[in-house]
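**Q** FYI, the numbering for the sequence shown is 71 to 265, going by this note's numbering.
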Amino acid sequence: MPKIKLWTRQNRAILEILERDGVYYAKKDVIQQKFGACTDVVLKAYNWYVQKAKTLVPMPEGSQYPIWLSTCEEFGMRLTEDNVILEVEVDSEKALIFDMDKWSYIVNFWYLPRDDNDKENHEMELKRYGISNEASIFLNNYHPFLRSKVEKSWEGLFDDAFKLSDLTVATLWEIRSEWITKIIESEDDMDASSK
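1) Can Leu85 and Val154 be called in contact, C-beta distance under 8 Å?
2) Per DSSP, what are the beta-bridge partners of Arg79 in this structure?
3) With DSSP run on the structure shown, which of helix, strand or coil describes Ala231?
4) What is the rounded straight-line gap between the Cα of Phe105 and the Cα of Leu113?
5) Let's test the definition: count the other Cβ atoms within 10 Å of the Cβ of Gln121 and tell me whether it reaches 16, buried, or not, exposed.
6) Apart from the five residues on each side of it in sequence, which residues of its chain come closer than 7 Å, Cβ to Cβ, to Asp171?
7) So, for Ser133: in the same chain, excluding its five sequence neighbours on each side, which residues have a beta-carbon less than 8 Å away from its beta-carbon?
8) Taking the CB atoms as reference points, tell me whether Ile101 and Tyr116 lie closer together than 8 Å.
9) Just confirm the distance between the C-beta atoms of Glu159 and Lys222, as a whole number of angstroms; I'd bet it's less than 8 Å.
10) In three-state terms, what does DSSP make of Leu138?
11) Is the CB-CB distance between Phe208 and Arg217 below 8 Å?
12) Per the DSSP calculation, Phe168 is bridged to which residue(s)?
13) Looking at Ile176: is its Cβ nearer than 8 Å to the Cβ of Leu227?
14) Have a look at Asp110 and Ser247 and give me their C-alpha separation to the nearest angstrom.
15) Count the other CB atoms within 10 Å of the CB of Leu126; is the residue buried (16 or more) or exposed (fewer)?
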C-alpha cells in the first residue's frame, strides 16, 4: 500500500499522550477548547462529516472526531506557542483527502454546488423563500426540505469529479506514534526542516 506524508499542528500535550498511549484520538473536549462558544455550531458540520467519513475509512474504537492534516508541508503550518507540528507517514487508505474549499461550504452551512448552473438555481430558490442568510436554514427549523437539500449537496466533498480548488486537506481518525517521522517543536526545528 502506498504511503503519504501529512502534517498537523497540535497542542504540545499530544506528545505526552503519544508517549503514554502510543496513539492519539481527537475528542470532543479538544474541539470545545478550540472553538469555545461556537462549539455547538461547528459540531453540526463535524458530526455530519463523521457520519459520512466513517463509511469511507473505518473509524477505530476510541476515535470520536477527525484529526485535520495538511497535504502540503508549507500550507498554514506556523508554529505557535504551546503547539508542535507533526509530520506523519501513513498508508494512503487511512486518510481522506479532499478539496479544502468544498469543506468551507460545509462548515459555513452553504449549499455545495456542482457547477455555476447548480449554484445559480440554488440561489434563485433561496430568493423565492426570502432567505438571505443560507446558514439560517440550519439555525432554525423553518425549511427542513432545504436543509436536507443542502446536506445532500455536501456529499460532493468526496466526489473527485468536480473541484473548487487545488488546495487539499486530509483527515485521519488517529495518529500512532510509529507514524511520526518528524516533530517540530521550535523555529530552529522548522529552519532545519527546510534545509
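In this text, a Cβ means the ideal position worked out from N, Cα and C, and glycines have one as well.
**A** On the basis of the coordinates in this document:
1) Counting from one through the sequence shown, the residue named residue 85 turns up at place 15. Counting from one through the sequence shown, the residue named residue 154 turns up at place 84. Yes, they are a contact pair.
2) Start at 1 with the first residue of the sequence shown, and residue 79 comes out as number 9. Answer is Ile155, bridged to Arg79.
3) Numbered from its first residue, the sequence shown carries residue 231 at position 161. Three-state DSSP puts Ala231 in coil, outside helix and strand.
4) Stepping through the sequence shown from its first residue, residue 105 is reached at position 35. Stepping through the sequence shown from its first residue, residue 113 is reached at position 43. Rounded to whole angstroms, Phe105 to Leu113 spans 10 Å at the Cα level.
5) Here residue 121 refers to the residue found at position 51 of the sequence shown. Gln121 comes out exposed.
6) Within the sequence shown, the letter at position 101 stands for residue 171. So the list reads Leu234, Ser235, Leu237, once near-sequence residues are dropped.
7) Along the sequence shown, one-based indexing puts residue 133 at 63. Within the same chain, Ser133 has close Cβ partners Tyr95, Ala96, Trp243, Glu244.
8) Translated into the one-based positions of the sequence shown, residue 101 becomes position 31. Translated into the one-based positions of the sequence shown, residue 116 becomes position 46. Yes.
9) Reading the sequence shown from its first residue, position 89 is the one you call residue 159. Reading the sequence shown from its first residue, position 152 is the one you call residue 222. Glu159 to Lys222, Cβ: 35 Å. No contact.
10) The residue labelled residue 138 in the question sits at position 68 within the sequence shown. It is Trp, not Leu, that sits at residue 138 in the sequence shown. Strand.
11) Sequence index remark: in the sequence shown, residue 208 carries index 138 (1-based). Sequence index remark: in the sequence shown, residue 217 carries index 147 (1-based). For Phe208 and Arg217, yes; Cβs fall inside 8 Å.
12) Position 98 of the sequence shown, counting from 1, holds the residue named residue 168. Phe168 pairs with Val239.
13) In the sequence shown, residue 176 corresponds to position 106, counting from 1. In the sequence shown, residue 227 corresponds to position 157, counting from 1. Cβ atoms of Ile176 and Leu227: closer than 8 Å.
14) In the sequence shown, residue 110 corresponds to position 40, counting from 1. In the sequence shown, residue 247 corresponds to position 177, counting from 1. Going from the Cα of Asp110 to the Cα of Ser247 covers about 31 Å.
15) As a position in the sequence shown, residue 126 is number 56, starting the count at 1. Leu126 counts as exposed, since fewer than 16 other beta carbons sit within 10 angstroms of its beta carbon.
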